[in-house]
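Here the sequence shown stands for residues 1 to 129, where the numbers follow full-length UniProt numbering.
All C-beta atoms, glycine included, are put in the ideal place defined by N, C-alpha and C.
Notes follow the structure.
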Amino acid sequence: EFCFCSDNQFLECLEYEQKTESKPTFTSVIKDVEVVEGSAARFDCKIEGYPDPEVVWYKDDQPIKETRHFQIDYDEEGNCSLIISEVSGDDDAKYMVKAVNSLGEATCTADLLVEVMAGEDEEEEEEEE
């Protein structure tokens, strides 16, 4: 059940929800991922906190905007993921997810290691065609 409140109804709303306010914490953190260039990579974590934390993903300290290349999912249960489609060498970087609410923030980081295919493989593919 959801409860949306204006500022002056906030305390009533908290009692109604019977949730304890807490700063964000990661109950599951993102882990290093190693993928081959051209495939998809995925980072998963789980976040708890109330009010529900806002989540921002970063690539080498730069905020990630959601695009076709970077897909961000965050559900009501606190499951959060970053999916990177068609990974290239440019995506080889340190990734961080930050969860923030009015009581504090939490972060976790992991590396994406991209295995770039050697030029020989591309030549073999062309010969097969």
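Out of Tyr74, Pro53, Glu115, the CA that lies nearest to the CA of Ala93 is found in Glu115. In this model, Asp73 and Ala118 are separated by some 33 angstroms (Cα to Cα). Here the alpha carbon of Val87 sits roughly 8 angstroms from the alpha carbon of Val36.
DSSP places Gly78 in the coil class of the three-state scheme, outside both helix and strand. Taking C-beta separations shorter than 6 angstroms and ignoring five residues to either side along the sequence, the partners of Ile64 in its chain run Trp57, Phe70, following chain order. Each residue's CA atom was taken as its position, placing Glu48 and Ala41 some 24 angstroms apart. For Gly89, the secondary structure class from DSSP, reduced to helix, strand or coil, is helix. By the Cβ-count criterion, Gly38 is exposed, with fewer than 16 other Cβ atoms from all chains shown falling within 10 Å of its own Cβ. Just so you know, the alpha carbons of Lys98 and Lys31 end up roughly 14 angstroms apart.
Burial check for Leu82: the Cβ neighbour count within 10 Å reaches 16 or more, so the residue is buried.
Shown here, Ile72 sits in a strand according to DSSP, grouped into three states.
Just measuring C-alpha positions, the residue of Thr107, Cys108, Asn101 sitting nearest Asp52 is Asn101.
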